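Residue numbering for the sequence shown follows this note's numbering, beginning at 219 and increasing consecutively. Beta carbons are placed, not taken as given, at the ideal position from N, Cα and C, and that holds for glycine. Given the structure is predicted, the values throughout are model-derived calculations rather than measurements. Below: one structure, written as structure tokens.
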Amino acid sequence: MSIPCRVDNIVTSRLSFHLATTIPSAFSLPTISPRFNFASVTPGTRTLLERSVPKEEETKEYQIPLKETAEASTSTPCWWDMDQNPRRGDTWSNVVKAKGKAKPSNHITDKMSSDEKTAETIHAKPPENQGTRNTNKSKNKTKRTRQARPDSIAIKPSDGESSKSILSTIRKEVNLTQIGVAVESIRESRGGELLIQLTKNNGKRKELGAALQQTLGEKAKVRELIQFSEIEILGLDGVTTETEVLDALRSAAKLTDEDTTVKIRSLRTGLSGMKRATATLRTSDANHIVTAGKIEIGWVKAKVRLKIKATKCYRCLCFGHTKHSCSGPDRTNMCSLCTEMGHKAVDCTANPRCTACLDIGEEAEHYSGSSRCRHRQTGVNRTGKQPIDSRPGQGRARIPMDKNRWYQDILLLLVTEYRHQTIRTLYTQARTKRKGRTRRSDNSGGFQRPHTEWGCPKNNRRGEILSNMIHALGLLICNKGKAPTFQRGFSTSIIDLTIASPGTADRMQNWSVLDENTLSDHNYIEFVIKNRAVEDYPPTIHRTNIRELEKAIEEGHFEVPDTYNMDANQYSEAMVQAIKDKSTTTIDPRAKHRRSVHWWTHEIADLRKEANHARRVYQRKLKKTGRGECVAEEERAKLTKLNLVKAIKRSKEQAWKRLCDLVDREPWGKAYKIVMGKLQKKRPIPELTTPGRLEKIISGLFPAHRDREKTNWPSECQRQATSEAIRPEELATAVSSLKRNKAPGLDGVTNEMVKLVARKFPDMLLTAYNKCLFEGKFPIKWKTARLVLIRKGDKPLNEPSSYRPICLLDCLGKGSVLGPTLWNVLYDDLLRVPLPEGVEYLAFADDVALVATAKEPYELEGKLTTAAGKVSSWLESIGLKLAAHKSEVVVITRMRKHNDIKVTIGGTEIKSSSSIKYLGIQIDAKMIYTEHAKTVANKAGNTLSNLGRIMPNLSAARQNRRRLLAGVIHSQLLYGAESWAEDMSQEGWKQLGRVQRKAALRVASAYRTVSKEAILVVSGVIPIDIMAIERRRSYLQKRGEQEPLDPEGELQQTALDKWQSRWEGTEEAEERQWTRRLIRDIREWTGRKHGEVDFHITQALTGHGCFAQYLHRFGLLEEACCWFCGHLNDDPNHTFFECDAWHNKRRELNMLIGEEVTAENLVSNMIHSKDKWNAISNYIHYVLTKKENEERRRKGLPVVN
């Protein structure tokens, strides 16, 4: 028997690969397809597998048949050799290298060539003397070291010098033979440096560097390149000091006391009182010390090893990758200790919690990256830095635990992946050696390594050793529960382990021990491994582009499909395919299109390069000489970084100012879209790919209904006799109604492309539509929509009601004019359902409200419950269901305070609330709309905060552009004003007025201290209450409920009259006296045909600006004296009409105007003509610019010209 499967992961302990296992007679090893993962296989094993596995294009499967024998019922392992002959007595530790001379058929080694027959093979031959294996080879074991690079010297040419000239100079002036140094290679780096690589074990690096620097002088900078490694020193006694460790390392590396390449990074004490040190030194010296194995420090011979670092991502806080290749969640704002938001690890006082282990479903109550961190072990394994000592050609692995204990010849796991199948029975066996004695343990009851991690009641020393070894390899134990895997008589134990790599363990499900007859002492172990979704590269993106289609049509490459022998379905598909073929462009998702940020400049690039260079110079000198010898380099690094930060900040401010200036040309352009979030990319819905979630959401949003009875469509002859073909005029009318910038359907054909095709090839569209009409068929693909889910706020992710579905149909097949009519026909039956007396329908589109009238609350309850039941019954009769949990009830009355009622709909009890939202309006119990005013004021306030960013006081945007953007605020404030304008409470008007005042401040570029009445007049914005009431009156006039006024703008004039009356009746407050003195008639001011206010004109009209009196009033100056003439009260009247400093400018202005300009005639002269407006505006700008420069001078700020 053989089951088709593929080998997904082979996890060994640095052991050569052997397909040998103890398998009961009822089980056969499955087929192995040629797909291996070599993540945890030794180089020797990797070579064997690569040679024995066929190429990807070959799909032949190889069978490894296993025969049943009568002796399989015993617990002794049974093997088969390459000739398929059973062999007895062999154990796991007998799997050694053997030379296969025969070439069997139907075997995985069929692909091996003749010169590969000496490699490791699948079958195993037992040694003659199993108990006396030669163990002397372990004495010559090699330590794990890092290959050291030869020392190098880097030469950085100065400005004006080239690498060729530098190389020519040193070759002539420097004598290598005299120095006693040999050069291996010379090359130029990417940064323009000249790299001179010396031969290995060359000790004349410093002499050569000094000779080069002396020869070149100021032409170039010479620096030495040294490779460093980090080592760990274990088992130090509790009184060891850093000086002792440093001296011992220098002595072991044969360095002088003045050598600075050896540095102690840390010296910390462990739980047992012993210390552990971490040091950095040259890689060649580190390899020399690590190869020795131990170093004598004090009375102790401490163990030395290279420090292994796991690659960590500081974006998602996981191991195995860096942030540049991270595809996980962004956790940069999360505390790395407790995984909570709102604080950093420096200020954290909570218990530790590992985010990385949470992601893989492991125990997470520990520090991230500690010895208990499973994910860190995975990260170390992924980087290829497993803490194991192996020799590829030996056919065995050694994992050092201490001096006299290690593992060898351990085959941990062979995992095969079934396609919807399961795996049964995996065994392990180990052979250990301690203090010269060899002990063998196998699966026949002798593998006694109990540990609580795999369900045993207690631990022993050997179990601890095995557990440590498994974690050191970065593997995971997949055993679950406490079911025994071995049973002999009345004795049971757990001796069979399932161990896998993290990638395989994540896909392993339903691990269990089966209670079945296995003809052995071992029970079957069954689990399922899910298929891995192989995505080597992201899919190629295909998009349609109208420019490509235009180009193809202009060049005559577009081909109209032939109508011969095609029905409506076929012709529509051919037409769509012809359009897509000439408009589709391909985008490679692997291509990285890196764009520079909008504020990037050449100056910033040069400053960044200079800052990085200064930082590297400082860091390198700091490592060599210490902090005391590199003060100047540190100051230079800080200065260059500060200059870079200032340049970036200055560039960002200038870029934002340019963006704000674009508002004057394009009010709805890029600036508006940025601040309103129109250009933000929609974030993907989290956890939408959770298994079963998408299916649940779709089935909830689109429930299945019973099949309807099909209506007989007229025959083709009847349709052709009664139907008229679609005419070109009708097609042109329908195409012209298509809107631009609409999302396409699944075919990607946009409305713009449909218009282009209809203009160039109208007959093709007419043919397709007429075929549909006469054949009575609508193309199936035009009925298929592209579903887009939009999440509603922060509602639960697993509820279908938390999403709003949008179905995007193909543009060629949508646009039904019968949609609204059919809906009205359907809903008309609902409006005809009889209701109790006193209950009426209030319907708009698909929103229906039941309005009941009664004197007592209990009467309302009864009427509404009965009416709601009838509506619910009607909906169920047509296959719909009433959402009772979304229904709301409100009692509208001004007579009583307590009018709570309860309405029951289909068993759901709905309590009355203080207000409900209907058609976007908050209706409260007293119909005063205070809640509605608060809601829209908050919404409009947020919008105004965004728009205010692109409407600063100083920008190129003029008043008319600012007023246009302010219309967005007014449209939000006045939504539904026709229904609530006459009933709005005073508190509601205050809420709306506050937002309107802020919008008017942005329109007029005014200081935020200006009053609401004054700024509304200066900006020409009608008060919000007058606007709302006049809008309601206009609505009533259109409906004929009020007598219409004269058509010549009398409605607008009425609003201005109310505003003028209110302006004249305003109390004589000090902050409004000056504005009312200048602008007396609002009609003339708002009705002018020229002139716009700006930052300086608004200061002159409001008195809030660069005036000593104003600054003194708000505590910004100690006195209100004029800075230029010494007058005691520098107010707007003194500044513009009395100050002697501006006498000549004022005299020139009077000559241009033709009279003396005063506060009483200032505005009237500005309104009179455009020339007078410009003359007065120039005068105001001149005076206020001088005053602002004087203020800057007093504060020590730069003066603006």
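Looking only at DSSP bridge pairs, what is S447 linked to? Counting from 1 along the sequence shown, the entry for residue 447 is found at position 229. Among the bridge pairs identified by DSSP, S447 is matched with L499.
N-terminal and C-terminal residue of the beta strand (DSSP E) that I712 is part of: If you number the sequence shown from 1, residue 712 lands on position 494. No beta strand (DSSP E) contains I712, which DSSP labels as neither H nor E.
Given a threshold of 16 other Cβ atoms within 10 Å of its Cβ, counted over all protein chains shown, does G699 qualify as buried or as exposed? Start at 1 with the first residue of the sequence shown, and residue 699 comes out as number 481. The C-beta of G699 has fewer than 16 other C-beta atoms within 10 Å across all chains shown, which makes the residue exposed.
Using three-state DSSP, classify A943 as helix, strand or coil. By one-based count along the sequence shown, residue 943 stands at place 725. A943: coil per DSSP, three-state reduction.
What is the DSSP secondary structure of T557, counted as helix, strand or coil? Translated into the one-based positions of the sequence shown, residue 557 becomes position 339. Here T557 sits in coil by DSSP.
Given a cut-off of 9 Å on the beta-carbon distance, is the pair V1228 and I1297 in contact? Within the sequence shown, numbered from 1, the residue matching residue 1228 stands at position 1010. Within the sequence shown, numbered from 1, the residue matching residue 1297 stands at position 1079. In this structure, I1297 does not lie closer than 9 Å to V1228 by Cβ.
For N830, which three-state DSSP category applies? The count along the sequence shown starts at 1 and reaches residue 830 at position 612. In the structure shown, N830 sits in a helix (DSSP, three-state: H, G or I).
Beta-carbon contacts of H923 that lie in its chain and below 7 Å, excluding the five residues immediately before and after: Walking along the sequence shown from the start, residue 923 turns up at place 705. The residues are G1097.
Roughly how many angstroms lie between the CA atoms of W1360 and Y1397, to the nearest whole one? The residue given as residue 1360 occupies position 1142 in the sequence shown. The residue given as residue 1397 occupies position 1179 in the sequence shown. A direct Cα-Cα distance of roughly 9 Å separates W1360 from Y1397.
Which residues does DSSP list as the beta-bridge partners of L1162? Your numbering for residue 1162 matches position 944 in the sequence shown. According to DSSP, which records beta bridges pairwise, L1162 is partnered with nothing at all.
Could you check where the alpha helix (DSSP H) with N1368 kicks off and where it finishes? If you number the sequence shown from 1, residue 1368 lands on position 1150. Per DSSP, the unbroken alpha helix (DSSP H) holding N1368 starts and ends at 1361 to 1371.
Is it true that the CB of C1029 sits closer than 9 Å to the CB of N969? Here residue 969 refers to the residue found at position 751 of the sequence shown. Here residue 1029 refers to the residue found at position 811 of the sequence shown. For N969 and C1029, yes; Cβs fall inside 9 Å.
Span of the beta strand (DSSP E) holding C1025? For the purposes of this step, residue 1025 is identified with residue 807 of the sequence shown, where counting begins at 1. Start and end: 1021 to 1026.
At which residues does the beta strand (DSSP E) containing V1051 begin and terminate? Along the sequence shown, read from residue 1 onward, the residue named residue 1051 stands at position 833. According to the DSSP assignment, V1051 belongs to no beta strand (DSSP E), since it is labelled neither H nor E.
Unbroken alpha helix (DSSP H) runs of length 4 or more, entirely within the segment 450 to 493: which are they? Fully enclosed alpha helix (DSSP H) runs of 4 or longer: 460 to 470.
Among all the DSSP beta bridges, which residues are the ones paired with F537? Taking the first residue of the sequence shown as 1, we reach residue 537 at position 319. DSSP lists K530 as partners of F537.
Using a 10 Å radius around the Cβ and a threshold of 16 neighbouring Cβ atoms, would you call E734 buried or exposed? Along the sequence shown, read from residue 1 onward, the residue named residue 734 stands at position 516. Under this definition E734 is an exposed residue.
Note down the Cα distance separating S801 from V1006, rounded to an integer number of angstroms. If you number the sequence shown from 1, residue 801 lands on position 583. If you number the sequence shown from 1, residue 1006 lands on position 788. Near 24 Å, if we compare the C-alpha coordinates of V1006 and S801.
Counting pairs of beta carbons, one from the segment 544 to 557 and one from the segment 474 to 485, are three or more of them closer than 8 Å? No, because fewer than three Cβ pairs between the segment 544 to 557 and the segment 474 to 485 fall closer than 8 Å, the two stretches do not touch.
Could you tell me whether the segment 421 to 433 touches the segment 458 to 473, where touching means 3 or more Cβ pairs closer than 8 Å? With a cut-off of 8 Å on Cβ pairs, the segment 421 to 433 is not in contact with the segment 458 to 473, counting fewer than three such pairs.
Compare the Cα-Cα distances from W1281 to each of C878, Q445, I1240, A1155 and report the closest residue. For this step, residue 1281 is matched to residue 1063 along the sequence shown. Closest by alpha carbon: I1240.
Just mark A528 as buried or exposed, buried being the case when its beta carbon has 16 or more other beta carbons within 10 Å. Here residue 528 is taken as the residue at index 310 of the sequence shown, counted from 1. That one is buried.
By DSSP's criteria, E1127 is part of a beta bridge. Which residues make up the other side? Counting from 1 along the sequence shown, the entry for residue 1127 is found at position 909. For E1127, the beta-bridge partners assigned by DSSP are T1122.
Could you have a look at M982 and say whether DSSP puts it in helix, strand or coil? The sequence position of residue 982 within the sequence shown is 764, counting from 1. Three-state result, M982: helix.
Taking contact to mean at least 3 C-beta pairs separated by less than 8 Å, is the segment 567 to 578 in contact with the segment 510 to 526? At 8 Å Cβ cutoff, the stretches do not touch.
For V1066: DSSP bridge partner residues: Locating residue 1066 in the sequence shown gives position 848, counting from the first residue. According to DSSP, which records beta bridges pairwise, V1066 is partnered with A1061.
Closest by C-alpha distance to I1008, when choosing among L1165, M1202, L906: What you label residue 1008 is simply residue 790 of the sequence shown in a count that begins at 1. Relative to I1008, the option among L1165, M1202, L906 whose CA is nearest is L906.
Please confirm whether A438 and S376 have their CB atoms less than 9 Å apart. Position 220 of the sequence shown, counting from 1, holds the residue named residue 438. Position 158 of the sequence shown, counting from 1, holds the residue named residue 376. In this structure, the beta-carbon distance from A438 to S376 falls below 9 Å.
In angstroms with no decimal places, state the Cα-to-Cα distance between Y532 and E448. Taking the first residue of the sequence shown as position 1, residue 532 is located at position 314. Taking the first residue of the sequence shown as position 1, residue 448 is located at position 230. When rounded, the distance between both Cα atoms is 21 Å.
Would a C-beta distance cut-off of 9 Å place V1108 and S1130 closer than the cut-off? Along the sequence shown, read from residue 1 onward, the residue named residue 1108 stands at position 890. Along the sequence shown, read from residue 1 onward, the residue named residue 1130 stands at position 912. Remark: C-beta atoms of V1108 and S1130 approach each other more closely than 9 Å.
How long is the line joining the alpha carbons of E851 and G398, rounded to whole angstroms? As a working note, residue 851 is residue 633 in the sequence shown. As a working note, residue 398 is residue 180 in the sequence shown. Between the alpha carbons of E851 and G398 lies a gap of roughly 33 Å.
Is R881 near A889, with beta carbons less than 9 Å apart? Here residue 881 is taken as the residue at index 663 of the sequence shown, counted from 1. Here residue 889 is taken as the residue at index 671 of the sequence shown, counted from 1. Reading off the sequence, residue 881 comes out as Val, not Arg. In contact: V881 and A889 (Cβ atoms closer than 9 Å).
Do you know whose CA, among N763, V815, G435, T843, lies nearest I805's CA? Along the sequence shown, one-based indexing puts residue 805 at 587. That would be N763, whose Cα lies nearest to the Cα of I805.
Delimiting residues of the beta strand (DSSP E) encompassing Y1136: Sequence index remark: in the sequence shown, residue 1136 carries index 918 (1-based). Start and end: 1133 to 1136.
Using a Cβ-Cβ cut-off of 8 Å (strictly less than) and excluding sequence neighbours within five positions of I1385, which residues of its own chain qualify? For the purposes of this step, residue 1385 is taken as the residue at position 1167 of the sequence shown. Annotation for I1385: E1302, W1303, R1306, G1309, W1391 place their beta carbon closer than 8 Å to its own, counting only its chain and skipping 5 residues before and after.
Assigned secondary structure, K437 (DSSP; H/G/I helix, E/B strand, else coil): On the sequence shown, position 219 is the one that residue 437 refers to. K437: helix per DSSP, three-state reduction.
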